[in-house]
Amino acid sequence: MAPESNGLQSFFEDVVTHCFRAHTPVEDPELTGYVAGLLAHFSATEQLYPLQNAEGQPVRSLGLMLMASDPVHGRASSFDEERKMRKHIGDFALFSTGMYPESTHRYAEDATFTELVRTGKESYYIVSQFDLFEYAKEAALFAKLTEQFDTCRYGLTKVSETLNQMNGPKLLM
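Following UniProt numbering, the numbering of the sequence shown begins with 1 at its first residue and continues without gaps.
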């Protein structure tokens, strides 16, 4: 995930690294860096729902996001587009279930917490299978995100608690 802002990225890297070290067995700078980048990326609320319906409104339905990601029957015009959409779905699921587990119904109108977790893992797994050419280097990271999804989600709940205690940035509040 590309840094959205060096200052914000650095802040989130510090908080994520601290919380993950204190509360999870994850000590992988690549993984914590990705999660920090995810927070920086989603600090711009328009990044949560990049897909739009025919009326130009953001698609908030997990089911519609999944249908759109289908390269055969959906809006994904290629397997590269499918990967991009699935990566977003995985990121969206990790972010919403980690930072706001009590409010997942607000972020994905038609999905339960359990469905978001399952779909997040599945989406990261699909992204990890794109392991050729320009995606070969990132494939292992997405395999780790698949395996460590629950741990990263738990770590994000600790990040959310820490930010609330610090009176830190209010993401999507």
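Here a beta-carbon is modelled for each residue, glycine too, at the ideal position from N, C-alpha and C. Keep in mind it's a predicted model, so treat the numbers as computed, not measured.
Asked                                                                                                                                                                        : Found
For Q57, which three-state DSSP category applies?                                                                                                                            : coil
Quick one: residues in its chain with C-beta nearer than 6 Å to the C-beta of K158, no 5 flanking neighbours on either side, listed in chain order?                          : C19, H23
Would Q9 pass as a contact of A36 if the rule is Cβ separation under 9 Å?                                                                                                    : yes
Helix, strand or coil for Q47? Go by DSSP, reduced to three states.                                                                                                          : helix
If I126 and R86 are in contact, beta carbons under 8 Å, what's the gap, nearest whole angstrom?                                                                              : 5 Å
Answer yes or no: do V15 and L163 have a C-beta to C-beta separation smaller than 9 Å?                                                                                       : yes
Let's see if you can read the secondary structure: which residues bound the alpha helix (DSSP H) around residue 255?                                                         : The requested residue 255 is not part of the displayed model; the chain covers only 1 to 173.
Taking all protein chains shown into account, do 16 or more other C-beta atoms lie within 10 angstroms of the C-beta of E161, making it buried, or fewer, making it exposed? : exposed
Among the residues of its own chain, which have a CB less than 6 Å from the CB of Y124, if the five just before and after it don't count?                                    : G90, F142, L145, T146
Exposed or buried, M166, counting other C-beta atoms within 10 Å across all chains shown (16 or more means buried)?                                                          : exposed
Leaving aside the five residues before and after R83 along the sequence, list all residues of the same chain whose C-beta is less than 8 Å from its C-beta, in chain order.  : I126, V127, F130, Y135
Comparing C-alpha positions only, which one of D28, T32, P25, R21 sits nearest to E13?                                                                                       : T32
For L148, which residues does DSSP report across the bridge?                                                                                                                 : Note that residue 148 is Gln in the sequence shown here, rather than Leu. Per DSSP, none; premise fails for Q148.
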